[in-house]
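Asker: I have a structure here, written as structure tokens, and I will follow up with some questions on it.
Residue numbers (the numbering used here): 131 to 237.
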């Protein structure tokens, strides 16, 4: 399973363990969760301490995970008829707080 898939699956299946950060932008969702809940050491390029890493999700991944991404998109404040072309994933390890952060931006 790809890192993108494992992260996305975790976010959608562990909603009770995740803190949803307040919305600042209409097209974005931000999630934070305890670092002990996710095997972040398996993905060192995604969860570098105190560094944001931004990845554009591959088109084929977005197509394959359309339903899952669409479910999350409905949680944004973006107008339902607006839609999106690209999905960006931002990740970081907030080491001093023992948290991992995942952000999804729909463009």
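All residues carry an ideal CB built from backbone N, CA and C; glycine is no exception. Predicted model, so just to flag it, every value in this text is computed and none were measured.
1) Measuring CB to CB, does residue 184 end up less than 8 Å from residue 206?
2) Would a C-beta distance cut-off of 8 Å place residue 176 and residue 140 closer than the cut-off?
3) How many whole angstroms separate the CB atoms of residue 218 and residue 170, which I take to be in contact at a CB cut-off of 8 Å?
4) For a minimum of 4 consecutive residues, which ranges assigned as the alpha helix (DSSP H) are wholly contained in the stretch 146-202?
5) Just curious, the alpha helix (DSSP H) that residue 134 is in, first and last residue?
Answerer: With the structure as the only source:
1) no
2) no
3) Wrong, their Cβ atoms sit about 19 Å apart, outside the cutoff.
4) 189-194
5) 133-143
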